[in-house]
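S.K.: Structure below; questions to follow.
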Amino acid sequence: MSKRQIESDSDIDVSSTDESDTEVNEQQQNEDVEMEDTVNVDFDFFDLNPDVDFHATKNFLRQLFGDDHAQFDISGLADLILTKNSVGTSIKTEGEQSDPFALLSVVNITNNRTNTSIEKLIDYLIKKTSKNMELNLVLKKLLSTKAGDASSPEPRVGLIVSERFINMPIEVIPPMYKMLLEEMLKAENKSERFDFDHYIIISKVYQLVDAVEKDDDEDHSNNKGKKRKTPVNEPKQIEMDYFHLEDPILEDNAVSKGIFEYDNQNKQETDSRRVFTDYGIDPKLSVIVLNKDKLAKSVEEMQQQFPPPS
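Here UniProt numbering is used: the first residue of the sequence shown is 1, the next is one more, and so on.
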């Protein structure tokens with residue numbers, strides 16, 4: 001079911017790379033260099049569709065969990081995201097039957113704790129955050145069972161799943177979050193279990209890795225006589241950036257947060273990402289925990305910082 005539509009200028013380069021056009025004059029070449037090609041794209045917002053979106057949702061989950069995706073029941077988690085009476089939004093450009101370019105939804109962790117995919121996710125998060133005491137204690141408190149303890153009711157926790165193509169414009173994200181909050185509110189009024197106290201958001205950040213510096217380190221490990229350019233006792237400057245530009249807002253409002261290495265590091269894939277620069281992209285896992293009020297505050301800030309194109 002279509003929800004709404006946004007027209008956006010996509011940063012997709014559609015310029016020709018055909019080398020046979022060697023007769024183009026110099027003036028035309030200069031004009032081509034100065035002109036930035038863009039494509040006007042109509043983004044349609046749709047309800048999640050289990051009959052259409054299953055395989056795309058699995059691919060988004062693989063992308064989200066990076067090289068650790070094999071540790072999860074991706075199919076089971078996709079089923080939970082697309083289950084009957086689910087809330088969330090997908091973005092498509094060629095109608096409801098096409099594959100989504102972006103997806104945002106929430107899964108009820110509390111009610112699905114015995115589901116295999118949720119059990120594996122909980123185990124992964126607890127182990128992954130073991131060296132971040134603050135975040136680890138928060139997750140244990142939210143994800144531990146408290147059956148029969150009437151004096152301390154069980155926390156109601158939702159897992160927000162947000163993933164998209166890397167070149168999707170950030171301006172489409174605030175409307176998706178706004179619609180998610182509205183749908184959860186309507187679902188609460190229908191006695192559906194989307195009245196969460198806390199939310200867990202799993203995302204990705206990345207560190208830019210200097211290829212020259214990395215090669216120097218590797219050479220040093222193979223040749224003990226060669227000195228490092230950076231002294232061992234001098235901390236290296238770490239430069240981090242975000243795949244999802246809304247994450248800094250979510251982090252600023254977080255109850256707790258942390259960034260972690262993946263268990264499985266596909267170094268060959270990281271090196272292959274060096275295309276036009278001397279830098280590689282080293283992805284890392286991001287875990288963010290927010291309460292209900294802070295999520296609503298974050299959505300308001302997203303709308304202010306990333307307004308829709310006029």
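Glycine residues also receive a C-beta, built at the ideal position from the N, C-alpha and C atoms. Note that the structure is predicted; figures quoted are calculated from it, not measured.
1. Name the two residues that bound the continuous beta strand (DSSP E) containing M240.
2. Throw me the rounded Cβ distance for the S286 and I249 pair, which I believe falls under 8 angstroms.
3. Rounded to the nearest angstrom, what separates E117 and R62 at their Cα positions?
4. Taking 7 angstroms as the cut-off, is the CB of N136 close to at least one heavy atom of the ligand ADP?
5. Does the distance from the CB of E96 to the CB of F60 come in under 8 angstroms?
6. So, helix, strand or coil for T89, using DSSP?
7. DSSP puts K128 in a beta bridge; with which residues?
8. In three-state DSSP terms, what is A70?
9. With three or more C-beta pairs closer than 8 angstroms as the rule, is the stretch 124-142 touching the stretch 78-97?
10. Could you tell me the alpha carbon to alpha carbon distance between D282 and Y206, rounded to whole angstroms?
11. Rounded to a whole number of angstroms, what is the C-alpha to C-alpha distance between F306 and L245?
12. Entirely within the stretch 152-209 and at least 3 residues each: give me those beta strand (DSSP E) ranges in chain order.
13. I'd like the span of the beta strand (DSSP E) that includes F260, first residue to last.
14. I need the DSSP call for N264, collapsed to helix, strand or coil.
15. Using the Cα positions of M35 and V41, report the straight-line distance between them to the nearest angstrom.
16. Report, in whole angstroms, the separation of the C-beta atoms of E134 and S310, which I expect to be a contact under 8 angstroms.
17. What do you reckon, are the CB atoms on Y242 and D68 nearer than 8 angstroms?
18. Please tell me whether L259 and K294 are closer than 8 angstroms, where the distance is taken between their beta carbons.
19. Just mark A70 as buried or exposed, buried being the case when its beta carbon has 16 or more other beta carbons within 10 Å.
20. Kindly indicate which three-state DSSP category D53 falls into: helix, strand or coil?
21. Mind the definition here: the stretch 98-118 touches the stretch 160-174 only if three or more C-beta pairs lie below 8 angstroms; say whether that holds.
22. So, helix, strand or coil for F60, using DSSP?
23. Ignore the nearest five residues each way along the sequence and tell me which others in L142's own chain have a CB closer than 6 angstroms to its CB.
24. Report the rounded CA-to-CA distance for K58 versus T83, giving the unit in angstroms.
25. Taking the continuous beta strand (DSSP E) assigned at L103, which residues delimit it?
26. Whose CA, out of G76, D44, Q303, lies closest to the CA of H55?
27. To the nearest angstrom, how far is the alpha carbon of I44 from that of D99?
28. From N115, N264, T110, D51, pick the residue whose C-alpha is nearest to that of S144; which is it?
29. Note down the Cα distance separating N132 from N108, rounded to an integer number of angstroms.
30. Can you check whether the CB of Q303 is closer than 8 angstroms to the CB of P174?
31. By Cβ distance, which residues of its chain are closer than 6 angstroms to L64, with the 5 residues on each side in sequence left out?
32. Less than 8 angstroms between the C-beta atoms of I288 and E251, yes or no?
M.R.: So, from the data block:
1. 240-242
2. Their Cβ separation, rounded to whole angstroms, is 13 angstroms, which puts S286 and I249 out of contact at 8 angstroms.
3. The sequence given here places Ser at residue 117; Glu does not occur at that position. S117 and R62: Cα-Cα distance of roughly 14 angstroms.
4. Only the bare structure without any ligand can be found here, which leaves the ligand ADP out of the picture.
5. no
6. strand
7. DSSP lists no partner for K128.
8. helix
9. no
10. 5 angstroms
11. 9 angstroms
12. 157-164
13. 256-260
14. coil
15. With a pLDDT of only 48 at M35, under 50, the local geometry of the prediction cannot be trusted, and the value read off the model is given with reservation. Whole-angstrom Cα-Cα distance: 19 angstroms.
16. Actually they are not in contact, since the Cβ atoms of E134 and S310 sit about 42 angstroms apart, beyond 8 angstroms.
17. no
18. In the sequence as displayed, the identity of residue 259 is Ile instead of Leu. Result no, Cβ atoms of I259 and K294 do not sit closer than 8 angstroms.
19. exposed
20. coil
21. yes
22. helix
23. P155, V157, H198
24. 14 angstroms
25. 102-108
26. G76
27. The residue asked about is misnamed: residue 44 is Asp in this sequence, not Ile. Each residue's Cα considered, the two are about 12 angstroms apart.
28. T110
29. 24 angstroms
30. yes
31. E163
32. yes
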